[in-house]
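The structure appears right after this line, and notes come after that.
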Amino acid sequence: MSACAGGSPIAQGQPKPDWGLADMPSQDGRIVLVTGGTSGIGYESAKALAAAGARVVIASHSSLERGEDVLASIRQDAPNAQVQYEKFDLADLASGRALAERLNATLPRLDVLINNAGIMEPPERGVSKDGLEMQFAVNYLGHFALTERLLPLLRKSDAPRVVTLSSIAARRGAAIHFEDLQFEQDYDPGDAYRQSKLACLMFAFELQRRSDASGWGLRSIASHPGVSRTNLQVNNGVVRRTLGRFILQPAARGALPTLYAATAPDARGGSYYGPTGVMEMRGPLGFARVPEAATDARTSTRLWRVSEQLSGTPYPSRAAD
Ligand SMILES: NC(=O)c1ccc[n+]([C@@H]2O[C@H](COP(=O)([O-])OP(=O)(O)OC[C@H]3O[C@@H](n4cnc5c(N)ncnc54)[C@H](OP(=O)(O)O)[C@@H]3O)[C@@H](O)[C@H]2O)c1
Numbered sequence: 003m004s005a006c007a008g009g010s011p012i013a014q015g016q017p018k019p020d021w022g023l024a025d026m027p028s029q030d031g032r033i034v035l036v037t038g039g040t041s042g043i044g045y046e047s048a049k050a051l052a053a054a055g056a057r058v059v060i061a062s063h064s065s066l067e068r069g070e071d072v073l074a075s076i077r078q079d080a081p082n083a084q085v086q087y088e089k090f091d092l093a094d095l096a097s098g099r100a101l102a103e104r105l106n107a108t109l110p111r112l113d114v115l116i117n118n119a120g121i122m123e124p125p126e127r128g129v130s131k132d133g134l135e136m137q138f139a140v141n142y143l144g145h146f147a148l149t150e151r152l153l154p155l156l157r158k159s160d161a162p163r164v165v166t167l168s169s170i171a172a173r174r175g176a177a178i179h180f181e182d183l184q185f186e187q188d189y190d191p192g193d194a195y196r197q198s199k200l201a202c203l204m205f206a207f208e209l210q211r212r213s214d215a216s217g218w219g220l221r222s223i224a225s226h227p228g229v230s231r232t233n234l235q236v237n238n239g240v241v242r243r244t245l246g247r248f249i250l251q252p253a254a255r256g257a258l259p260t261l262y263a264a265t266a267p268d269a270r271g272g273s274y275y276g277p278t279g280v281m282e283m284r285g286p287l288g289f290a291r292v293p294e295a296a297t298d299a300r301t302s303t304r305l306w307r308v309s310e311q312l313s314g315t316p317y318p319s320r321a322a323d
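Reading the sequence shown from the start, the letters are residues 3 to 323 in the working numbering.
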């Protein structure tokens with residue numbers, strides 16, 4: 003059991019267990035990008051950040067019309083919210099590149115990037131525009147590439163953060179299947195989801211290591227929402243719909259670890275936050291348990307190199323490479 007990227011348990015620096023929106027510092031003047039902010043955890047995160055004064059860009063898959071409805075819904079709760087919608091598709095690397103070009107050209111800087119969007123366990127193996135297994139592409143590689151392309155904008159911030167969403171699924175026997183990374187030989191929806199979420203966690207930790215080594219000045223933090231009532235869970239079969247009545251916590255609660263990671267002055271780079279109750283499905287905020295596999299620096303480096311090749315987005319090289 004461990005609490006942060008280094009693998010050693012940390013007693014100090016625990017977040018306040020009942021940390022909530024009232025504890026969130028003012029976000030006046032901060033610029034935040036939330037992927038997948040049209041529903042679920044991303045929507046709740048975007049809404050809370052906008053209500054606290056941040057300028058929030060929601061980048062998601064929905065139509066421009068639905069995007070406008072989402073902005074209107076946020077403004078209903080927070081009339082002064084500065085929110086904008088950008089349509090893009092994580093399953094299309096060119097679309098992520100175009101989004102980054104638009105933002106690099108129009109934003110003065112980016113203070114927080116929240117890599118939140120995701121899909122879970124499509125029963126049939128789907129492929130992205132770039133020919134990659136869909137969960138790998140959307141949950142992980144699209145964010146890997148987007149973060150690289152937004153690095154110049156993040157580095158214009160005084161205190162940039164990148165928050166990446168993982169899952170307790172990354173603990174349940176998850177592995178990076180280098181021998182069949184795209185599940186071409188034997189597609190298992192659950193294994194592919196677990197791989198993608200483990201990859202997200204490894205990415206968050208490796209990004210912190212690379213930022214430290216190269217002086218990018220980032221705080222890279224991972225979070226997970228326990229099990230929360232969102233489209234991702236509710237649309238995912240009878241079991242989850244049934245369990246949902248009893249287990250799933252409200253999405254607004256599931257967003258708290260992400261909001262802590264994005265805003266709390268004490269949130270640490272290289273850490274992983276989530277609920278700490280039974281099986282980490284809900285409960286007080288704290289350090290999440292890091293699966294052993296996510297602390298393997300050699301596998302992380304290998305995954306990073308493969309990801310640079312697959313996405314065509316080489317990060318600036320660090321002295322140690
Ligand atoms: N809910 C949980 O219990 C749970 C547990 C563990 C981890 N998570 C993680 O939490 C994150 C948020 O999930 P959620 O539960 O809030 O699910 P959700 O309500 O289904 O939201 C997913 C969001 O991702 C966006 N999205 C999906 N495919 C996309 C694509 N190709 N390009 C761009 N955006 C895309 C969706 O956009 P549109 O609606 O605009 O299409 C939506 O806004 C995910 O990373 C998920 O793995 C959730």
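No residue lacks a Cβ here, since even glycine has one placed at the ideal position from N, Cα and C.
Every value quoted in this text rests on a predicted model; they were computed, and no experiment measured them.
- Task: Could you say if the stretch 283 to 298 and the stretch 42 to 54 meet the contact criterion of at least three C-beta pairs nearer than 8 Å?
- Result: no
- Closest by C-alpha distance to residue 254, when choosing among 84, 162, 91 and 21: Here residue 254 corresponds to residue number 252 of the sequence shown, with the count starting at 1. The shortest Cα separation from residue 254 among 84, 162, 91 and 21 belongs to 21.
- Task: Starting from residue 289, follow its DSSP beta bridges and name the residues at the other end.
- Result: The sequence position of residue 289 within the sequence shown is 287, counting from 1. Looking at the DSSP assignment, residue 289 forms a beta bridge with 275.
- Query: If you measure from the CB of residue 90, is any heavy atom of ligand 1 nearer than 7 Å?
  - Reply: In the sequence shown, counting from the first residue as 1, residue 90 sits at position 88. Yes, the beta carbon of residue 90 sits closer than 7 Å to at least one heavy atom of ligand 1.
- Rounded separation between residue 163 and residue 207 - CA only: As a first step, residue 163 must be located in the sequence shown, where it is residue number 161. As a first step, residue 207 must be located in the sequence shown, where it is residue number 205. Distance between the alpha carbons of residue 163 and residue 207 is about 13 Å.
- Message: Check this for me: beta carbons of residue 220 and residue 209, under 8 Å apart or not?
- Response: On the sequence shown, residue 220 is found 218 positions in, with the first residue counted as 1. On the sequence shown, residue 209 is found 207 positions in, with the first residue counted as 1. Result yes, Cβ atoms of residue 220 and residue 209 sit closer than 8 Å.
- Task: Write down every uninterrupted run of the beta strand (DSSP E) in the stretch 48 to 106 whose length is 3 residues or greater and which is fully enclosed by it, in chain order.
- Result: 57 to 62 and 84 to 89
- Please determine if the stretch 271 to 285 and the stretch 65 to 84 are in contact, where contact requires at least 3 C-beta pairs separated by less than 8 Å. no
- Message: Considering Cα atoms alone, identify which of 200, 212, 236 and 232 is closest to residue 224.
- Response: For the purposes of this step, residue 224 is identified with residue 222 of the sequence shown, where counting begins at 1. Of 200, 212, 236 and 232, the residue nearest in Cα terms is 200.
- Uninterrupted beta strand (DSSP E) stretches inside the stretch 181 to 229 (no shorter than 3 residues): 221 to 225
- residue 165 - partner residues in DSSP beta bridges: Stepping through the sequence shown from its first residue, residue 165 is reached at position 163. Per DSSP, 116 and 223.
- Query: Do the CB positions of residue 105 and residue 152 come within less than 8 Å of each other?
  - Reply: As a working mapping, residue 105 is identified with position 103 in the sequence shown. As a working mapping, residue 152 is identified with position 150 in the sequence shown. In this structure, residue 152 lies closer than 8 Å to residue 105 by Cβ.
- Message: Just to check my reading of the structure: residue 95 and residue 314 have Cβ atoms closer than 8 Å, yes? What is that Cβ distance to the nearest angstrom?
- Response: On the sequence shown, position 93 is the one that residue 95 refers to. On the sequence shown, position 312 is the one that residue 314 refers to. The pair is a contact, with the Cβ atoms about 7 Å apart (cut-off 8 Å).
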